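Engineer: First residue of the sequence shown: -3, per the working numbering; consecutive thereafter.
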Amino acid sequence: MSEIISKRSELLFLYDVKDINPNGDPLDENKPRIDEETMENLVSDVRLKRTIRDYLHDFKNHEIFIRGS
């Protein structure tokens, strides 16, 4: 087994929101992204990455290479 594969890991990140828009669609007047079949909000991988980066920077004092404006 190669060294790269043997060091692979996965992360499960869960968060719960109520009465907010966690991931608005800028192409649709910032309305929530909703799955039409289940009527559940959809959150993109980009939004999840930003949430994790912000948490690590704001609450764990980690330096983040990519910072928002």
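Note that the Cβ used here is the ideal one computed from N, Cα and C, for glycine as well. Nothing here was measured: the structure is a model prediction, and the numbers come from that model.
(1) Helix or strand or just coil, what does DSSP make of PRO28?
(2) If contact is defined by three or more beta carbon pairs under 8 Å, each pair taking one atom from either stretch, is the segment 48 to 58 in contact with the segment 14 to 31?
(3) Could you give the residue range of the alpha helix (DSSP H) that holds ARG49?
(4) In chain order, what residues of the same chain have a beta carbon less than 7 Å from the beta carbon of ASP31, not counting five sequence neighbours either side?
Structural biologist: On the basis of the data shown:
(1) strand
(2) no
(3) Run containing ARG49: 41 to 55, per the alpha helix (DSSP H) assignment.
(4) LEU38
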